[in-house]
Amino acid sequence: MNRETLMDILKRIQQGDLAPQTGADMLKNFLAEDVSFARIDHHRMLRRGLPEVVYGAGKTAEQIAVIAERLKSGNAPVLITRLSATQWSELNQKTPWLTYSESARCAWYHNNRPVLPGSIVICAAGTSDIPVAEEAAITLETVGYKVSRLTDIGVAGLHRLLSSLSVLQNADAVIAVAGMEGALPGVIAGIVDCPVIGVPTSVGYGASFSGVSALLTMLNACSGGLTVVNIDNGFGAAYAAAVILRKLYSSDSGNRREEEQK
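My numbering puts the sequence shown at residues 5 to 266.
In structure tokens form, the structure reads like this:
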């Protein structure tokens, strides 16, 4: 349930085009819908501007299909993360309207939603970091943001990063995904004037400790304005970027700033 759908129901009741009881029935699952094994948060789209997202790992295809169908019926975009190819082979038979990326381990449906304002750049330090970067990109695209991708621009070849400087400096937010020593987000945070979200990945040799080395590098970066999410958490970085852009381009936020200035 998003704001537009809610306003449409209320307007139709006000104009007499919709019976109050019918409207009440349409809103009966306004806050949450209990499907026995899950309580689906339909209110989240209205509350946060972003829908509830399904974490696929540990769920059966049947459970995921039920949740996805209920989210879709509420006119929300549908995103399932950490979905294995084995799960997808069964889920696809139940929900043929979903699209799947094996690399990103995501399935999604966005019903041609309008493009939201804002410029987000997602950088993958190396080709091996692309799956995590794609999880971030698919998350943002599913909820309506246009994403620019920069791939293989890690610090081992700094000229590759500098050749994309204008793209980075025109962004409203940058997501920088890196494994190994994880230096890329700190470097980017030092040359742009927008929020940078660092995503450490588990890519690397033995002493990288499955991403802990990259995580600690990012947490200790001396560049200001760098936020860091968990290892391999492309979804979390994307969600944070979407919240930033939603606030940046929100008309309500602009009205509040004008009132504060008065």
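For every residue, glycine included, the Cβ atom is placed at its ideal position computed from N, Cα and C.
Annotation for residue 98: no beta strand (DSSP E) segment contains it, though the alpha helix (DSSP H) segment containing it runs 89-98.
Under the DSSP assignment, residue 164 falls in the alpha helix (DSSP H) whose first and last residues are 162-166. One thing to note: residue 147 has its Cβ within 7 Å of the Cβ of residue 81. With fewer than 16 neighbouring CB atoms inside 10 Å of its own CB, residue 170 falls in the exposed class.
Counting the other Cβ atoms within 10 Å of the Cβ of residue 46 gives 16 or more, which makes it buried. Straight-line spacing of the CA atoms in residue 75 and residue 108 works out to 21 Å. In terms of CA proximity to residue 78, 37 leads the group 199, 63, 37. A residue is called buried when at least 16 other Cβ atoms come within 10 angstroms of its Cβ; residue 97 does not meet this threshold and is exposed.
Cα atoms of residue 210 and residue 9: separation of roughly 51 Å, rounded to the nearest angstrom. Contact annotation: the stretch 158-169 touches the stretch 189-203, with at least three C-beta pairs closer than 8 Å.
Assignment of residue 153 by DSSP, reduced to helix, strand and coil, places it in the strand class.
Scanning its chain for C-beta atoms nearer than 6 Å, with the 5 sequence neighbours on each side dropped, one finds around residue 208 the residues 183, 184, in chain order.
Classified as buried, residue 83 has 16 or more neighbouring CB atoms from the shown chains inside 10 Å of its CB. Under DSSP, residue 182 shares a beta bridge with 204. Shown here for residue 217: same chain residues with a beta carbon closer than 7 Å to its own, the five before and five after excluded, namely 185, 186, 208, 211 in chain order. Contact between the stretch 214-228 and the stretch 106-122 is not established, with fewer than three Cβ pairs separated by less than 8 Å.
Contact between residue 102 and residue 72 holds, since their C-beta atoms are separated by about 7 Å, short of 8 Å. Within the same chain, Cβ atoms closer than 7 Å to the Cβ of residue 243 are found at 54, 143, the five residues on either side in sequence being excluded. In the structure shown, residue 122 adopts extended strand secondary structure according to DSSP, grouped into three states. Distance from residue 203 to residue 238 at the Cβ level is roughly 6 Å; contact confirmed, criterion being Cβ atoms closer than 8 Å. In the same chain as residue 22, and ignoring 5 residues on each side of it, the C-beta atoms closer than 6 Å to its own belong to 16, in chain order.
For residue 233 against residue 200, the beta-carbon gap comes to about 12 Å, at or over 8 Å, which does not count as contact. The residues 232, in chain order, have a CB closer than 7 Å to that of residue 223 in the same chain once the five nearest residues on each side in sequence are set aside.
Secondary structure note for residue 77: its alpha helix (DSSP H) is the uninterrupted segment 65-77.
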